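Here the structure is laid out as structure tokens; the discussion comes afterwards.
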């Protein structure tokens with residue numbers, strides 16, 4: 211293999227590895243920024259598993275945003291070929307740490323899934339380990355040959371691309387905190403039919419095969435139910451069931467809404483209610499944001515006035531519930547539910563969910579609760595009571611345009627600036643060459659005249 215072909219091949223391998231890492235980091239950072247609460251919950255699982263459960267919630271939350279920002283920005287650096295040597299070393303260090311961590315998680319299983327890609331793609335610990343080994347190998351390739359990475363922006367514009375990436379991911383995280391995740395991958399998204407989600411469809415039901423066992427003179431005979439019965443010399447022993455096909459699990463598990471006094475589960479009644487039901491969701495009332503309790507109480511008063519049901523679902527005990535009532539003036543009833551399920555329903559504490567006939571109609575975070583101007587009539591007649599579903603493809607297209615179109619413009623401007631700079635240099639060089647040629651001609655002419663004299 212000639213040196214030129216070998217160089218082209220190495221360059222191609224390096225840039226393929228670089229693009230794989232860039233896509234992984236950008237996607238991982240994006241899904242974390244899209245769901246900061248979910249990222250914080252997963253970090254809390256890790257911290258608890260390693261004995262750091264007492265770290266304050268606000269600090270864990272800040273860590274979640276920082277992790278999203280770092281991963282996303284690293285991906286952008288790789289994508290555009292910014293600081294090639296430094297970013298290659300940083301990625302290798304990052305992937306080495308993550309690979310060692312996933313080895314530990316795979317062996318000891320302190321958490322059930324890594325949370326690398328949030329709820330968008332859930333990987334087992336073994337799948338995560340394989341993924342990280344592949345990415346670690348790609349990072350090693352980059353460190354060995356960082357100079358082969360193609361640069362898409364010059365050093366003059368690199369800082370601007372970096373700044374834009376950081377501002378974008380931070381702004382996107384804040385927007386998703388205030389207005390809930392822009393893309394909701396969980397089974398409790400707007401438009402989801404929870405009544406169907408808690409049930410297992412027929413296609414996922416386990417399949418068993420029955421066998422009827424007979425015996426004669428120590429010999430056993432197994433027949434299927436549709437087979438003919440043996441003659442009277444055979445004695446029936448038992449009927450066995452053999453699992454032929456394992457069943458699945460419903461999309462929504464462990465959803466219950468128990469009355470604290472009677473322990474009666476009201477979930478079936480609420481899911482089958484053909485009217486509207488407001489559900490105030492607070493996994494932990496002790497840590498709930500109480501800055502907008504007036505809007506919560508106004509929503510409750512509105513529900514009572516219009517004849518809609520209103521409950522608060524929480525995993526908190528009676529002491530915390532009583533404190534919340536005394537502190538906020540709450541008059542609505544409380545129902546017990548699973549904390550993890552409540553964290554999954556809405557990424558806010560508290561958050562407000564509107565349901566009708568088992569379908570999630572609307573959701574609000576504690577920063578975006580409906581006010582009297584939004585609840586200005588019966589839900590049947592106003593936008594708040596209607597499902598506003600935006601397809602996933604349209605949301606992804608919107609985010610991609612919002613981020614990559616400005617970056618494309620920046621890259622185009624950078625290329626134009628580089629082209630203009632190149633043109634100026636060539637023009638200056640041409641002018642210098644022309645001046646040299648003119649001076650040379652003048653000098654030759656002068657010498658010729660002197661010789662003639």
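Numbering (my numbering), first residue to last: 211 to 663. By construction, the Cβ of each residue, glycine as well, lies at the ideal position given by its N, Cα and C atoms. Source: prediction; values computed, not measured.
Among the options, nearest to residue i - alpha-carbon criterion
i	options	result
residue 466	525, 428, 420	525
residue 274	325, 225, 233	325
residue 387	372, 579, 322, 616	579
residue 583	531, 509, 573, 550	509
residue 474	235, 545, 395	545
residue 447	462, 456, 426	426
residue 399	462, 382, 483	462
residue 451	459, 445, 434, 457	434
residue 711	344, 507, 499, 607	Residue 711 lies beyond the range of the chain shown here (211 to 663); nothing can be said about it.
residue 569	505, 480, 231, 360	480
residue 497	453, 549, 458	549
residue 379	349, 272, 239	239
residue 226	360, 445, 413, 634	360
residue 610	382, 390, 563, 635	382
residue 305	352, 577, 499	352
residue 540	295, 228, 507, 244	507
residue 294	263, 229, 323, 234	229
residue 409	268, 638, 477	477
residue 500	575, 444, 471	575
residue 355	406, 405, 297	297
residue 407	458, 432, 445, 384	458
residue 617	277, 234, 370, 307	370
residue 195	605, 593, 625, 384	As shown, the chain starts at 211 and ends at 663. That puts residue 195 outside it, with no answer to give.
residue 482	307, 299, 606, 565	565
residue 468	543, 413, 503, 412	543
residue 277	235, 259, 265	235
residue 291	348, 594, 323, 358	358
residue 553	279, 494, 423, 485	494
residue 604	393, 430, 312, 589	393
residue 602	484, 261, 349, 391	391
residue 444	430, 332, 333	430
residue 405	455, 421, 460, 415	460
residue 504	464, 456, 581, 262	581
residue 416	571, 515, 563, 455	455
Enclosing beta strand (DSSP E) for residue i [first to last residue]
i	result
residue 451	445-455
residue 218	Careful: residue 218 lies outside any beta strand (DSSP E), inside the alpha helix (DSSP H) at 213-244.
For residue i, the residue or residues it bridges with in DSSP
i	result
residue 543	521
residue 526	Beta-bridge pairing links residue 526 to no other residue.
residue 573	563
residue 487	519, 565
residue 327	331
residue 433	422
residue 665	An answer regarding residue 665 cannot be provided, because it is not within the stretch 211 to 663 covered by the chain.
residue 403	569
residue 609	BP columns for residue 609 are empty, so no partner.
residue 558	Paired residues: none, contrary to the question.
residue 492	524
residue 417	455
Residue i - containing alpha helix (DSSP H), residue span
i	result
residue 353	335-354
residue 281	267-290
residue 318	294-318
residue 373	365-389
Contact test: residue i Cβ vs the ligand SAH heavy atom, cutoff 8 Å
i	result
residue 548	The ligand SAH is not part of the structure shown, which contains no ligands of any sort.
### Message
When you compare the segment 365-379 with the segment 277-288, are there three or more beta-carbon pairs, one atom per stretch, that lie closer than 8 Å?
### Response
yes
Contact between the segment 479-489 and the segment 511-528 (3+ Cβ pairs under 8 Å): yes
Assess, as a yes-or-no matter, whether the segment 253-271 is touched by the segment 213-220 under the definition of 3 or more beta carbon pairs within less than 8 Å.
-> no
Notebook entry, point to check: Should the segment 523-540 be called in touch with the segment 435-451, which here means at least 3 C-beta pairs below 8 Å?
Noted result: no
| Okay, do the segment 238-251 and the segment 327-338 touch, 3+ Cβ pairs below 8 Å being the bar? | yes
- Message: With a threshold of 8 Å, are at least 3 pairs of Cβ atoms found where one atom belongs to the segment 305-321 and the other to the segment 336-351?
- Response: yes
Report task. Specify whether the segment 595-602 and the segment 398-416 touch according to this definition: at least 3 beta carbon pairs, one from each stretch, less than 8 Å apart. Result -> yes
### Message
Using a Cβ distance threshold of 8 Å, determine whether the segment 356-373 contacts the segment 534-554, with at least three qualifying pairs required.
### Response
no
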